[in-house]
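Residue numbers (this note's numbering): 21 to 240.
Here is the structure we will look at.
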Ligand SMILES: C[S@@+](CC[C@H](N)C(=O)[O-])C[C@H]1O[C@@H](n2cnc3c(N)ncnc32)[C@H](O)[C@@H]1O
């Protein structure tokens, strides 16, 4: 039984049909994060949050200082706000950004875009299965945007489709399903990370049923 069970129509991602498996994957990701940054007392900004990290924190009695979940999926965000209205350690907001898979008619996102975040310095900034659905100009922009909300000793953790041997810097694997698989050459992501003034401290290969390729970065 998931303590904060969320209706199927408000869940996204590969494991949306199996809420227990999705929650388990969130706990596995938290273990990975905690090799680099403790969750306890952290100010955590989760961009493209979906529901699973909020579910995982709630399941563990909210160790964080504050978890801020941002997503373009307004009905999901409204649902999370209502369900967690009495919990001061959670904040959620809808962001308006355009994305060819999830929010076709949204507003442009640029490196100057602002986020509705109640804290200016976050210890942990994350994007799980978000860059996997982003065009390069948006990936470059969001890395720069998140950098502005990072505390000096913050960690950025995000997952992506990255391949060191890919010939082209980027391709959209299924053009008839735009951005279902946004595939990057690893060096292209490395360049975006450096341009946004992050430094990679760890790069991990995919872990089945848990996470795609993933980066852990710190501000420089
Ligand atoms: C595959 S789901 C992953 C959700 C969650 N991070 C997880 O791991 O379960 C991708 C999420 O990114 C959100 N998203 C996509 N583009 C976005 C954007 N430009 N701004 C904010 N959220 C976005 C989608 O609405 C969706 O909730």
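Glycine included, C-beta positions come from ideal geometry on N, C-alpha and C.
Checking the DSSP bridge columns, you'll see residue 234 partnered with 179 and 224. In the structure shown, residue 151 adopts helical secondary structure according to DSSP, grouped into three states. In chain order, 35 and 72 place their CB closer than 6 Å to the CB of residue 42, counting only its own chain and leaving out the 5 sequence neighbours on each side. Going by DSSP, residue 66 is part of the beta strand (DSSP E) stretching over 63-67. With a cut-off of 8 Å on Cβ pairs, the region 163-180 is in contact with the region 138-148, counting three or more such pairs. The DSSP-derived three-state label of residue 78 is helix.
The beta carbons of residue 220 and residue 181 sit no closer together than 8 Å. Ligand 1 approaches residue 122 closely enough that one of its heavy atoms is under 7 Å from the residue's Cβ.
Looking from the CA of residue 233, the closest CA among 90, 52 and 100 belongs to 52.
Three or more beta-carbon pairs separated by less than 8 Å are not found between the region 121-128 and the region 96-103, which leaves the two stretches without contact.
Assignment of residue 127 by DSSP, reduced to helix, strand and coil, places it in the strand class. Bridge pairing for residue 192: 202 [DSSP]. Annotated three-state conformation of residue 212 is helix, per DSSP.
With a threshold of 7 Å, the Cβ atom of residue 185 does not count as near ligand 1, since no heavy atom of the ligand is closer than that. Residue range 156-167 is occupied by the alpha helix (DSSP H) that includes residue 161.
Remark: the shortest separation between the CB of residue 117 and any heavy atom of ligand 1 falls under 7 Å. Counting of Cβ neighbours within 10 angstroms places residue 230 among the buried residues, the total reaching 16 or more. Not one heavy atom of ligand 1 falls within 7 Å of the beta-carbon of residue 139.
Counting only the Cα atoms, residue 28 lies some 7 Å from residue 37. Counting along the chain, no beta strand (DSSP E) covers residue 93, and no H or E run does either.
A residue is called buried when at least 16 other Cβ atoms come within 10 angstroms of its Cβ; residue 117 meets this threshold and is buried.
Distances taken from the Cβ of residue 232 to the heavy atoms of ligand 1 include none shorter than 7 Å.
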